[in-house]
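K.L.:
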Amino acid sequence: MMTRKAKAMDTESKLQRALEELKASRETCNQLLREREDSEEEINKIILRNTELKKDLADLHVQYQETAAHRDQLLTTISSFDQCSAVFEQALIRNNELESELRDANNTILHFEEERKLQECSQTLNLYEELIGTPGGHALVSTTLDSSAKTVFEDSIYRRPIRLNSKNKIKKYVKLNRFILKTNKLIRKQKCFYKNVTLRKQRQKLLESRSKYDLDVGGLQADISELHRSLESLTSLYNSAQAQISEHILAALHHCQLLKSPRHQSVVNRQMAASSCLHQYLI
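Numbering (full-length UniProt numbering), first residue to last: 1 to 283.
1) For L176, which of N196, K212, C121, K201 has the nearest alpha-carbon?
2) Find out if the Cβ-Cβ distance for the pair A241, L53 is shorter than 8 Å.
3) Tell me whether the stretch 85-101 and the stretch 198-212 touch, counting them as touching only if at least three CB pairs, one residue from each stretch, are closer than 8 Å.
4) In whole angstroms, give me the CA-to-CA distance for N44 and K23.
5) Tell me whether T183 sits in a helix, a strand or coil according to DSSP, three-state version.
6) Quick check: the stretch 204-213 against the stretch 60-73, are at least 3 beta-carbon pairs closer than 8 Å?
7) Given a threshold of 16 other Cβ atoms within 10 Å of its Cβ, counted over all protein chains shown, does S236 qualify as buried or as exposed?
8) Is it a yes or a no for the stretch 212-225 touching the stretch 26-41, going by three-plus beta-carbon pairs under 8 Å?
9) Per DSSP, what kind of secondary structure is T77 in: helix, strand or coil?
10) Quick one, which of D223, V87, E42, N106 has its alpha-carbon nearest residue 289's?
11) If we ignore side chains and look at the alpha-carbon of each, how far apart do A91 and G219 end up?
12) Restricting to Cα atoms, I'd like to know which of I249, F179, I245, T124 is closest to D56.
13) Within this structure, are the beta carbons of R49 and H248 separated by less than 8 Å?
14) Between K185 and L102, which are expected to be in contact by the criterion C-beta below 8 Å, what is the C-beta distance as a whole number of angstroms?
15) Can you tell me the Cα-Cα spacing of E114 and Q204, whole angstroms?
16) To which residues of the same chain is L127 closer than 8 Å at the C-beta, ignoring the five residues directly before and after it?
17) Suppose you measure from the CA of H228 to the CA of I46; what does that come to, to the nearest Å?
18) CA-CA distance, L75 and E226?
19) Considering only residues of the same chain and omitting the five flanking positions on each side of N106, which have a CB-CB separation below 7 Å?
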């Protein structure tokens with residue numbers, strides 16, 4: 001049989017071991033509580049960071065929508081510019097067609113004028129030869145030419161009747177007629193020249209409008225490329241934000257799993273068992 005002193009020593013040693021286990025359990029519990037507090041603080045930080053990232057994500061989404069709307073507007077503007085370019089091309093084609101038709105018309109008019117002049121000259125010479133060939137035709141030619149010269153040149157600069165009484169005067173009359181025809185021809189050419197100048201001015205204006213259109217299209221293309229680059233940067237930021245949110249969520253889940261791990265539960269159970277043993281011994 002154990003003596004009373006031995007029982008007391010045995011009980012004291014058990015109590016000492018229980019106290020040491022309780023102290024170790026308390027230290028482990030305190031450490032776990034500190035880890036839990038740290039984990040809760042980290043989870044709160046993660047939640048705050050997640051909230052900030054969600055706000056940034058919402059802002060990026062709004063910017064993305066605005067940029068997409070701006071891009072659609074620029075595409076609409078470019079389509080309208082393309083329509084204007086098509087109309088401009090049609091106008092240039094029509095202008096070239098009109099210039100070609102005008103050249104053809106001028107050539108046709110000049111050809112008809114040359115034929116008419118040749119025909120008039122030939123008719124005048126034939127009439128002169130017929131009049132010269134008839135008896136008494138020389139005097140008739142002089143009288144006819146006098147009356148014709150008076151009728152034609154009565155409103156001219158000199159205001160004097162021209163009397164053609166010889167063959168040389170008839171030639172002078174023919175030369176005057178040719179000079180008048182050439183003058184009319186030059187006047188018509190001058191009118192055509194003025195028309196051509198007007199068409200050239202219109203063509204120059206169209207070319208200037210085309211160059212301005214090309215510059216505007218180039219500027220719009222640069223804006224669109226800049227918008228594409230900004231969209232790509234926003235998309236990369238959006239994807240990186242999504243990745244960071246996913247990482248923070250996984251880290252929070254990992255911490256929660258650590259808090260619910262068997263090690264934590266075993267330490268808590270040991271602490272509770274030591275406390276119950278000490279309580280029973282004290283009782």
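Glycine included, every Cβ here is placed at the ideal spot set by N, Cα and C.
P.N.:
In short, the structure shows the following:
1) When each option's Cα is compared against that of L176, the closest is C121.
2) Their beta carbons are under 8 Å apart, which means A241 touches L53 by this criterion.
3) yes
4) Counting only the Cα atoms, K23 lies some 31 Å from N44.
5) helix
6) no
7) exposed
8) At 8 Å Cβ cutoff, the stretches do not touch.
9) helix
10) Here the chain covers residues 1 to 283 and nothing more, so residue 289 does not appear.
11) Cα to Cα, the separation comes out at about 24 Å.
12) I245
13) yes
14) About 17 Å separates the two Cβ atoms, so there is no contact after all.
15) In this structure, the alpha-carbon of E114 lies about 33 Å from that of Q204.
16) none
17) 33 Å
18) 13 Å
19) C192
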